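Engineer:
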Amino acid sequence: MTALEKAAWLLARQDYSSNNLRLKLKAKYSQAEIDSAIETLQSVLFRSDAETCRQKFEYLYAQDRLSCKEIYAKLYKQGFSSDLIKALLPAESEERDLRVATQLFKKKFSRTDFKVEDYKERLKLKNKIYTYLVGKGF
Numbered sequence: 625m626t627a628l629e630k631a632a633w634l635l636a637r638q639d640y641s642s643n644n645l646r647l648k649l650k651a652k653y654s655q656a657e658i659d660s661a662i663e664t665l666q667s668v669l670f671r672s673d674a675e676t677c678r679q680k681f682e683y684l685y686a687q688d689r690l691s692c693k694e695i696y697a698k699l700y701k702q703g704f705s706s707d708l709i710k711a712l713l714p715a716e717s718e719e720r721d722l723r724v725a726t727q728l729f730k731k732k733f734s735r736t737d738f739k740v741e742d743y744k745e746r747l748k749l750k751n752k753i754y755t756y757l758v759g760k761g762f
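This note's numbering numbers the first residue of the sequence shown as 625 and each following residue consecutively.
#1: Leaving out five residues on either side along the sequence, give the residues of the same chain with a beta carbon under 7 Å from the beta carbon of Leu699.
#2: According to the neighbour-count rule (16 or more other Cβ atoms, all chains shown, within 10 Å of its Cβ), is Ser616 buried or exposed?
#3: Identify every run of the alpha helix (DSSP H) within the segment 646 to 689, keeping only runs that are complete inside it and at least 4 residues long; order them along the chain.
#4: Below 8 Å, can you find three or more Cβ-Cβ pairs linking the segment 704 to 720 to the segment 646 to 665?
#5: Can you give the Cα-Cα distance for Ser660 and Thr726, rounded to whole angstroms?
#6: Starting from Ala636, trace the alpha helix (DSSP H) in both directions and tell me its first and last residue.
#7: By Cβ distance, which residues of its chain are closer than 6 Å to Leu713, with the 5 residues on each side in sequence left out?
#8: Helix, strand or coil for Asp742 per DSSP?
#9: Quick one: residues in its chain with C-beta nearer than 7 Å to the C-beta of Asp721, no 5 flanking neighbours on either side, listed in chain order?
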């Protein structure tokens, strides 16, 4: 199987950034073969990184489950450039992030959790909530 065939096979299963595609092919193929395969795919059928990144961003943003920071980290981990992702982030995302954080908070913690009267238990709960929201990118 050539690098072009392997790349086409990988892209048929899932969208990859060009960086991730290079990493997948690096183990079995030479750099020249990989470059040639990616150039061929980009000219024929492969979507650009910008288009793939935009599509993934819109999907994650519309779900209302992740903060903008977490979406940024997820896309960056998938091999998209920082500039590309930052261009997609809306300027005023604080209201959305607050709404998403509130939804996650309500989903994770019930009202009965807040009926704790002991100061130490309340402090534990407060730290637990803080840790949970920081872990989610807020």
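C-beta atoms are modelled at their ideal positions from N, C-alpha and C, and glycine is treated no differently. Since the structure is predicted, the reported quantities are computational estimates derived from the model, not experimental observations.
Structural biologist: Answer, in terms of the structure:
#1: As a working note, residue 699 is residue 75 in the sequence shown. Sequence-distant Cβ neighbours of Leu699 in its own chain, meaning closer than 7 Å and more than five residues away, are Cys677, Lys680, Phe681, Ile709.
#2: The question about residue 616 has no answer, for the chain in this structure spans 625 to 762.
#3: Listed in chain order, they are 655 to 668, 673 to 687.
#4: Touching, no.
#5: Counting from one through the sequence shown, the residue named residue 660 turns up at place 36. Counting from one through the sequence shown, the residue named residue 726 turns up at place 102. Their backbone Cα atoms lie some 48 Å apart in a straight line.
#6: Locating residue 636 in the sequence shown gives position 12, counting from the first residue. That run of the alpha helix (DSSP H) goes 627 to 637.
#7: The residue labelled residue 713 in the question sits at position 89 within the sequence shown. Same-chain partners within the cutoff: Cys692.
#8: Your numbering for residue 742 matches position 118 in the sequence shown. Here Asp742 sits in coil by DSSP.
#9: As a working mapping, residue 721 is identified with position 97 in the sequence shown. Around Asp721: Ser691, Cys692, Phe762.
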